[in-house]
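Residue numbers (the working numbering): 915 to 1234. No residue lacks a Cβ here, since even glycine has one placed at the ideal position from N, Cα and C. From a predicted model like this one, the values you see are computed outputs, not experimental measurements.
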């Protein structure tokens, strides 16, 4: 509801301060979606089917993103940009309606927290904060995911800037939209494949593939400034981000199973993601100003390579 109201208020409010306030509220509310969906999913299907169900969830998520982006582009072109805010509000209302169709009694709240049983069944109390902070594997995973977002977040914005310089502002906007839609469409089959095969292949090799594609993407950007080359390379984001989206909640569930701290850990990791993304934009922007886009892309690729090595050496297999 907060996201809906924030979207509807944008055509009405004016000035940087009010826009910043409404969007901050929307961002804060939106940050709850992914952890909440993961918790509900875990409570509905349990740990054994969690990976497969998360993969399907992510596939529908990315398909929805692609469709909404396409609708927004078409409607904005036909009716003007204001209609996009109404579209987002309408989709949010539809999401609320669909969410209300979930039977609350079908959700095992203890399992959704990461407990193995109900408290009245004699299982242990949820672990304390010190237990989580003392979980070395959990801390390593936090560091590697921070590294992934530090490398990944600024790539799209950097490509968008490069397109603007190469083909002009108007065409760059269309090509940036094409980048987003292409990546989202690639994420759909990737999420399904990862969800179905995480138990058989293991999470570690799949996660390493995500880092490898991220590093390769950063290097491939430097080969050519051709607009369609850049769009094609950006589509590879669908592999890396598709894997991360499908595996992240699965690995967190594996590492926190029985602790009762699955949801808290998701919240902490989301903060780590945000920090990595924020620093990524700052780092890439500074390097672009100082040394150009090529140096920026190579730096981001180097960070991804460092994350690959760290995950390879320090992170054990979690999905056993």
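Item                                                                                                                                                                            : Value
On the criterion of 16 or more Cβ atoms from any shown chain inside 10 Å, does residue 1019 qualify as buried, or is it exposed?                                                : exposed
Can you list, in chain order, the residues of its chain with a C-beta nearer than 8 Å to that of residue 1195? Leave out the 5 residues immediately preceding and following it. : 1067, 1068 and 1071
If you drop the 5 nearest sequence neighbours on each side, which residues of the same chain put their C-beta closer than 6 Å to that of residue 1163?                          : 952 and 968
List the whole-angstrom C-beta distance separating residue 1021 from residue 957, where the pair is believed to meet the contact cut-off of C-beta under 8 Å.                   : 4 Å
With DSSP run on the structure shown, which of helix, strand or coil describes residue 952?                                                                                     : helix
Would you report the Cα separation of residue 1074 and residue 1028, rounded to the nearest angstrom?                                                                           : 40 Å
Residue 1136 and residue 1208 look like a contact to me (Cβ under 8 Å); what is the Cβ gap, rounded to whole Å?                                                                 : 5 Å
Helix or strand or just coil, what does DSSP make of residue 1229?                                                                                                              : coil
By Cβ distance below 6 Å, which residues in the same chain neighbour residue 1224 in space, the five residues on each side in sequence not counted?                             : 1058
Roughly how many whole angstroms lie between the Cα atoms of residue 1204 and residue 959?                                                                                      : 50 Å
I need the boundaries of the alpha helix (DSSP H) containing residue 1080, first residue and last residue.                                                                      : 1050–1081
Whole angstroms are fine: how far does the CA of residue 981 sit from the CA of residue 1201?                                                                                   : 34 Å
My output table needs one value for residue 982: the three-state DSSP class, helix, strand or coil.                                                                             : helix
In whole angstroms, what separates the C-alpha of residue 1033 from that of residue 923?                                                                                        : Since pLDDT at residue 1033 reaches only 48, below the 50 mark, its modelled position is unreliable, and no value is offered.
Would you report the Cα separation of residue 941 and residue 935, rounded to the nearest angstrom?                                                                             : 10 Å
Between residue 1025 and the rest of its own chain, which residues show a CB-CB distance below 7 Å, the 5 nearest in sequence each way excluded?                                : 956, 957 and 960
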